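Structure, as structure tokens:
Residue numbers (this note's numbering): 79 to 855.
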């Protein structure tokens, strides 16, 4: 049977861990009470040498000594409430009866129990108040959205010259709410067909009072009679939770609904249909997040109630008194248990979401509000093992064939290393990165780091560690299988120009799988990867999220992969399209220019992201972070130039720029990204809060990071080895950088998770589309 302390640790919300009852600390205090109640010099009667008998007598003696049926009937504790002088908060204080007046450990236990109860109540009240305000705001936003739909329906109805009022189900969406009691009660209806102030105008007036701005448009539109009229449009703020440029392209630049009012004193109103659709999507997401937050708060309440019940039962068992009844009665009366506002708000959110976003289909609504997570399949584990076995077997076969064919001997033709090696290196480095990411996922899950929340991934479609392992082993099995086939065809006497096309074909197959629109091979993950890469390439035009700069950091460790990918593409174009000679892919001015560009691009993209974050947040730390990537660009430029010229002047330049960049990077790794080197921390040179229990792991990780950061020293040593050994050494160093990045990833996300814990961030806040009247946001 699992102990409750472990069960509580497994079920609590990680970001709210500090707000839960400190069950372990209270258990320790119970043990202190137990030890304190044992007599210091009391001799326990012994009966012979029978161990079982003496243990039984010991327990019976202690029970008779400290447990009395008369004392169980006494009123042992009294729990009182009182208001704080400087606030309206209620706090609980326990008064002990004369029975425990001389037992200090019991006093300490109930004092800490009162502290935990007050802590839980205050946190619950704060979160409850915040969620209730959020729910009220969402109701206002939803009402504005419904009224905007009504305005558009009326505009369309009038422009179609309808002789009848629009039916109750007219709207711009399939699930658009009907004109009903909500609208009638708020704004009223006019039964006069030729009224000067139409019902739509009344809605517009009410919307203006609620903060929706009707802005004059400089565009003149033509009516059917050819007369130009000055139009009006509704200005819905183009605030977007994730993408700034998406809002611009999909909302601001869309055509307005260009159907003006034909006659009448009021001007026509133009509503951007796409804006309303986007506003509906934002409000729907906000309802989903609110429902999730309310569910977490409900779980928080129930788990803490069980914790109080369990710890008081332990106290009763140790003290031999029924002290839990009166205290539990007060716990059940406390706000975090007695308040039903969260439950009622959950029911309200569920009913509103079902009505307005699921067309009264509760089953459909629950798929959004309570998405089911896919359970881990044993088939995935089996396929991982199968792929691993196939990879090991094929790699052994390849090593034997390569030795027999003399592929890696100094006398072999360089075509294999020039044409085939780069593409296979691409897949090998990519698979290694996937493997390291799978290890990260496994560690994040084991340490309860909420990576899906940090990256804003959907838990139902997010990649799991078994999936990452399956992808990397499948990649490597396919690649090594292609390498074996390639060697067999070469040995069979096939033309090298035909055989060397196998790596290129393999690359095209994997690219086709990446953009395949069919829902196979982890389509959500593939499309997420494509979307993030698009955001990185267009960094200045997108609001930078954590997943964007996290992936950009991965690219800075995959510069060798990008170089090999460029070389492979160059060979494919040279072989297939005859655009240039294949030898120019490894030498010449054009080759050096492309090498410079590829060495700079990941750092350049990352620097642009820092500039964009500084523009959005006005935080100088982002500019300092940008300086780190600028120094890395300068060091990379110096090393590439030194590799081409190789004189003592450039050696000095490389040494200076690389040392400066490395110190800059190490400082940022330890202080900013990992949160280490805190001189005032209770853990020397670390943070105050650590997820891993063994502190020595952190010190070893810091040392390993320093060693792997100095791998650039190999590029200036100019070791005298053959061309084959040089390429293999470059591949080894590239692999070490990928390993360093995977090692860096864990501590980077651990630090981010602890920041969320410190601010109790367990759910994301979705920005709402409509402004408040007295606010700029």
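The C-beta atom is built at its ideal place from N, Cα and C for all residues, glycine as well. For clarity, every value in this text was computed on a predicted model and none was experimentally measured.
Which of helix, strand or coil does DSSP assign to residue i?
i	result
residue 344	Unreliable placement is indicated for residue 344, whose pLDDT of 38 sits below 50; no coordinate value is reported for it.
residue 825	helix
residue 167	coil
residue 731	helix
residue 448	coil
residue 839	coil
residue 526	coil
residue 863	This structure cannot settle anything about residue 863, because the visible part of the chain is limited to 79 through 855.
residue 157	strand
residue 466	helix
residue 634	helix
residue 172	strand
residue 787	helix
residue 399	coil
residue 715	helix
residue 534	coil
residue 600	coil
residue 92	helix
residue 616	coil
residue 300	Residue confidence for residue 300 is low, a pLDDT of 43 falling below 50, so the modelled location carries little weight; the figure read from the coordinates is stated next. Residue 300 falls in the strand class under three-state DSSP.
residue 98	coil
residue 389	helix
residue 844	coil
One question on the structure: do residue i and residue j come within less than 7 Å of each other, judged by their Cβ atoms?
i	j	result
residue 193	residue 110	no
residue 354	residue 226	yes
residue 639	residue 676	no
residue 617	residue 809	no
residue 546	residue 515	yes
residue 735	residue 710	no
residue 91	residue 714	no
residue 737	residue 510	no
residue 818	residue 786	yes
residue 371	residue 847	no
residue 466	residue 552	no
residue 812	residue 508	no
residue 402	residue 410	no
residue 649	residue 663	yes
residue 229	residue 414	no
residue 518	residue 824	yes
residue 201	residue 97	yes
residue 673	residue 708	no
residue 680	residue 634	yes
Could you tell me the distance, in whole angstroms, from the CA atom of residue i to the CA atom of residue j?
i	j	result
residue 404	residue 157	8 Å
residue 388	residue 766	30 Å
residue 607	residue 495	30 Å
residue 100	residue 732	54 Å
residue 627	residue 678	16 Å
residue 542	residue 636	22 Å
residue 624	residue 697	16 Å
residue 456	residue 544	10 Å
residue 363	residue 592	28 Å
residue 856	residue 764	Because the chain spans 79 through 855 in this model, residue 856 falls outside it and cannot be assessed.
residue 106	residue 434	51 Å
residue 442	residue 436	6 Å
residue 36	residue 704	Here the chain has residues from 79 to 855 only, and residue 36 is not among them.
residue 751	residue 205	29 Å
residue 555	residue 564	14 Å
residue 684	residue 772	33 Å
residue 219	residue 82	43 Å
residue 445	residue 452	13 Å
residue 115	residue 187	14 Å
residue 89	residue 95	10 Å
residue 856	residue 417	Here the chain covers residues 79 to 855 and nothing more, so residue 856 does not appear.
Within 7 Å (strictly less), CB to CB, does residue i reach chain B?
i	result
residue 477	Considering every chain present, this structure includes no chain B. It has just one protein chain.
*asked:* I want to know whether the segment 457-470 touches the segment 378-385 - three or more CB-CB distances under 8 Å.
replied: No: the two stretches stay apart, fewer than three of their Cβ pairs being nearer than 8 Å.
Counting beta carbon pairs with one atom in the segment 469-483 and one in the segment 593-612, are three or more of them shorter than 8 Å?
Segments in contact, no.
Flag this pair as touching only if the segment 580-594 and the segment 543-562 have three or more C-beta atom pairs under 8 Å; answer yes or no.
These segments touch.
Check: Do the segment 824-838 and the segment 516-529 touch if we need at least three Cβ pairs shorter than 8 Å?
Finding: These segments touch.
Problem set entry | Length-filtered (3 minimum) beta strand (DSSP E) runs lying within the segment 173-229 | Taking only runs of at least 3 residues, no beta strand (DSSP E) segment lies wholly in the segment 173-229.
| query | Can you find at least 3 beta carbon pairs, one from the segment 741-750 and one from the segment 789-802, that sit closer than 8 Å? | reply | Under the three-pair Cβ rule at 8 Å, the segment 741-750 does not count as touching the segment 789-802.
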